[in-house]
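Colleague: In full-length UniProt numbering, the protein residues as written are 1 to 425.
#1: Run the CB neighbour count on residue 220, radius 10 Å, all protein chains shown included, and call it buried at 16 or more, exposed below.
#2: Could you tell me if residue 326 is buried or exposed, where buried requires 16 or more neighbouring beta carbons within 10 angstroms of its beta carbon?
#3: Quick check: the Cα distance between residue 67 and residue 357, rounded to an integer number of angstroms?
#4: When you compare the CB positions of residue 311 and residue 280, do they come within less than 9 Å of one another, or not?
#5: So, is residue 275 buried or exposed, given that buried needs 16 or more other C-beta atoms within 10 angstroms?
#6: With a threshold of 6 Å on Cβ separation, who are the neighbours of residue 377 within its own chain once the five nearest residues in sequence on each side are excluded?
#7: Is it the case that the Cβ atoms of residue 344 and residue 226 are separated by a distance below 9 Å?
#8: From residue 198 to residue 180, what distance separates their C-alpha atoms?
#9: Per DSSP, what kind of secondary structure is residue 92 in: helix, strand or coil?
#10: What's the C-alpha gap between residue 234 and residue 121?
#11: So within the stretch 125-190, which uninterrupted beta strand (DSSP E) runs reach at least 3 residues, ignoring any that extend past its ends?
#12: DSSP on residue 415, reduced to helix/strand/coil?
#13: Residue 333 bridges to which residues according to DSSP?
#14: Using DSSP bridges, identify the partner residues of residue 59.
#15: Looking at residue 283 and residue 23, is the spacing between their C-beta atoms short of 9 Å?
#16: What does residue 309 pair with, by DSSP beta-bridge criteria?
#17: Exposed or buried, residue 421, counting other C-beta atoms within 10 Å across all chains shown (16 or more means buried)?
#18: Measuring alpha carbon to alpha carbon, tell me which of 183, 110, 328, 9 ends up nearest residue 230.
#19: How many angstroms separate the CA atom of residue 273 from the CA atom of residue 308?
#20: Would you call residue 246 buried or exposed, if buried means 16 or more other Cβ atoms sit within 10 Å of its Cβ?
#21: Does the distance between the C-beta of residue 172 and the nearest non-hydrogen atom of the ligand MN fall short of 8 Å?
#22: Does the distance from the CB of residue 177 to the CB of residue 94 come in under 9 Å?
#23: Report yes or no: is there a C-beta of chain D within less than 9 Å of the C-beta of residue 281?
#24: Alpha carbon to alpha carbon, how far is residue 137 from residue 386? Give it in angstroms, no decimals.
#25: What does residue 123 pair with, by DSSP beta-bridge criteria?
#26: I'd like to know whether the C-beta atoms of residue 129 and residue 88 end up nearer to each other than 9 Å.
#27: Does the distance from the CB of residue 353 to the CB of residue 371 come in under 9 Å?
#28: Among the residues of its own chain, which have a CB less than 8 Å from the CB of residue 143, if the five just before and after it don't count?
#29: Between which two residues does the alpha helix (DSSP H) containing residue 372 stretch?
Now the structure itself:
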């Protein structure tokens, strides 16, 4: 019998270590549950993703490289218009109405349709992908897969908000027609309910696939990371920071205000005898446009005792970062997956949220108080939560290990139950 083939799409880059952990955890489950299935992964940045994931990742055909010819300006304008309006064109073609259904598809769309033709199932890997601020272009993969009548499943997603008309219209099409959607927290489930997508075997609540990362992977490499950054016997607290854009305006917090809050927090923790380790979940590897290290360095130089903070500058993967976080007493992370990876490696975490995804994940664990708004970083309640975690390490770690295992088990079960009927066809 011919083996089934699955195409995994939607990975932006593993240079975002959260994306890497999401993809790695999902691959761990798929390879264990469906060992005879052939898996292929595409990414916008396959070089960084292959290097950090430790396996072959191919180029996503939907990524159009910048034009460098004398006609670059004209081509760039065409590309901008296409990015802006083609998702609505695809949506119209799926609905088989309006004159838009007669518009021909650009070459990179045709290349993607040719790629998926040989696969039995397309999985859009999870993350906070379908967010209005990111634009309609985020829907290209599932729109094209539906146009090709290719079964598509969205696994481990946070979705919404849906505040723009075109984004809402396309979202209603996608989430009503895909073969299955697995959201990772209840707030996203409510967002879909408001879209008119209701609970069914095709819509399930589970959690993030990063909970499924194998923590025993490459133990020797993990040990090297720990040896380099955690050799000091001092107590350690890890942080992750980021460029807030495009969420700064929605939050009403400037980048400078955000960094000042972290500076104040780090100064207080250092005064209590803790060293600070800043790990970076996003770096500029392979041309990725985000680099958390620059934000961390800016915070470090403004501390009262900058020598008490270490900024990890190496290009570590998600598992190596997990090994470092596992040596700390606490992680305070603006990057959600620094909190998830930390807890996967049994270190308690506080998620500093800028989107609802962090609140939803921590609520599911039974730790709503460990998800705090950016403006509350210097709040009394935040101090109380930090004090409680630091004072009760052994009890909290034991409870945390059990809760993380529950999240992993339930998510694995949901994935298998959603995919098995599709692969049995």
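Note that CB positions come from ideal geometry on N, CA and C, so glycine has one too. Just so you know, these numbers come straight off a predicted model, no measurement behind them.
Modeller: Taking the definition as stated:
#1: Residue mapping note: residue 220 aligns to position 220 of the chain shown, counting from 1. So residue 220 ends up on the exposed side.
#2: Walking along the chain shown from the start, residue 326 turns up at place 326. Residue 326 should be labelled buried.
#3: As a first step, residue 67 is located in the chain shown; it is residue number 67 there, counting from the start. As a first step, residue 357 is located in the chain shown; it is residue number 357 there, counting from the start. Legend: pLDDT at residue 67 = 41, less than 50; position of this residue unreliable, value from coordinates given subsequently. Whole-angstrom Cα-Cα distance: 35 Å.
#4: The sequence position of residue 311 within the chain shown is 311, counting from 1. The sequence position of residue 280 within the chain shown is 280, counting from 1. Closer than 9 Å, so yes.
#5: For this step, residue 275 is matched to residue 275 along the chain shown. Looking at its Cβ environment, which holds 16 or more other Cβ atoms inside 10 Å, residue 275 is buried.
#6: As a working mapping, residue 377 is identified with position 377 in the chain shown. Leaving aside the five residues that flank residue 377 on each side, the residues in its chain whose CB is nearer than 6 Å to its CB run, in chain order, 261, 265.
#7: To locate residue 344, count along the chain shown from 1; it is residue 344. To locate residue 226, count along the chain shown from 1; it is residue 226. It is not a contact, given that the beta carbons lie outside the stated cut-off.
#8: Reading the chain shown from its first residue, position 198 is the one you call residue 198. Reading the chain shown from its first residue, position 180 is the one you call residue 180. Using only the alpha carbons, I get a separation of about 12 Å.
#9: Taking the chain shown and counting its residues from 1, the one referred to as residue 92 is at position 92. Of the three classes helix, strand and coil, the one that applies to residue 92 here is helix, per DSSP.
#10: By 1-based counting over the chain shown, the position of residue 234 is 234. By 1-based counting over the chain shown, the position of residue 121 is 121. The alpha-carbon atoms of residue 234 and residue 121 are separated by roughly 50 Å.
#11: For the stretch 125-190, whole beta strand (DSSP E) runs of length 3 or above, ordered along the chain, are 152-159, 180-183.
#12: Here residue 415 refers to the residue found at position 415 of the chain shown. Reduced to three states, the DSSP call for residue 415 is helix.
#13: Taking the first residue of the chain shown as 1, we reach residue 333 at position 333. Residue 333 pairs with 240, 351.
#14: Numbered from 1 along the chain shown, position 59 holds the residue referred to as residue 59. Paired residue(s): 43.
#15: Translated into the one-based positions of the chain shown, residue 23 becomes position 23. Translated into the one-based positions of the chain shown, residue 283 becomes position 283. The answer is no: Cβ separation not under 9 Å.
#16: Against the chain shown, residue 309 aligns to sequence position 309. Looking at the DSSP assignment, residue 309 forms a beta bridge with 276.
#17: As a first step, residue 421 must be located in the chain shown, where it is residue number 421. With fewer than 16 Cβ atoms within 10 Å of its Cβ, residue 421 is classed as exposed.
#18: Numbered from its first residue, the chain shown carries residue 230 at position 230. The shortest CA-to-CA distance from residue 230 to any of 183, 110, 328, 9 is the one to 328.
#19: Stepping through the chain shown from its first residue, residue 273 is reached at position 273. Stepping through the chain shown from its first residue, residue 308 is reached at position 308. C-alpha separation (whole angstroms): 9 Å.
#20: For this step, residue 246 is matched to residue 246 along the chain shown. Exposed, by the Cβ-count rule.
#21: Absence of the ligand MN from the depicted structure is noted, as is the absence of any ligand whatsoever, leaving it without description.
#22: Residue 177 sits at position 177 when you count from the first residue of the chain shown. Residue 94 sits at position 94 when you count from the first residue of the chain shown. Their beta carbons are under 9 Å apart, which means residue 177 touches residue 94 by this criterion.
#23: The displayed structure is made up of one protein chain only, and chain D is not part of it.
#24: Counting from one through the chain shown, the residue named residue 386 turns up at place 386. Counting from one through the chain shown, the residue named residue 137 turns up at place 137. A straight-line Cα-Cα distance of about 40 Å links residue 386 and residue 137.
#25: Locating residue 123 in the chain shown gives position 123, counting from the first residue. BP columns for residue 123 point to 8, 153.
#26: For the purposes of this step, residue 129 is taken as the residue at position 129 of the chain shown. For the purposes of this step, residue 88 is taken as the residue at position 88 of the chain shown. Judged by beta-carbon spacing, residue 88 lies beyond the 9 Å limit of residue 129, meaning their Cβ atoms are not closer than that value.
#27: Translated into the one-based positions of the chain shown, residue 353 becomes position 353. Translated into the one-based positions of the chain shown, residue 371 becomes position 371. Yes, they are a contact pair.
#28: For the purposes of this step, residue 143 is taken as residue 143 along the chain shown, with counting starting at 1. Exclusion of the five residues before and after residue 143 leaves 87, 90, 91, 94, 170, 173, 174 as the residues of its chain whose Cβ lies within less than 8 Å of its Cβ.
#29: Here residue 372 is taken as the residue at index 372 of the chain shown, counted from 1. For residue 372, there is no enclosing alpha helix (DSSP H); the enclosing beta strand (DSSP E) has its first and last residue at 371-373.
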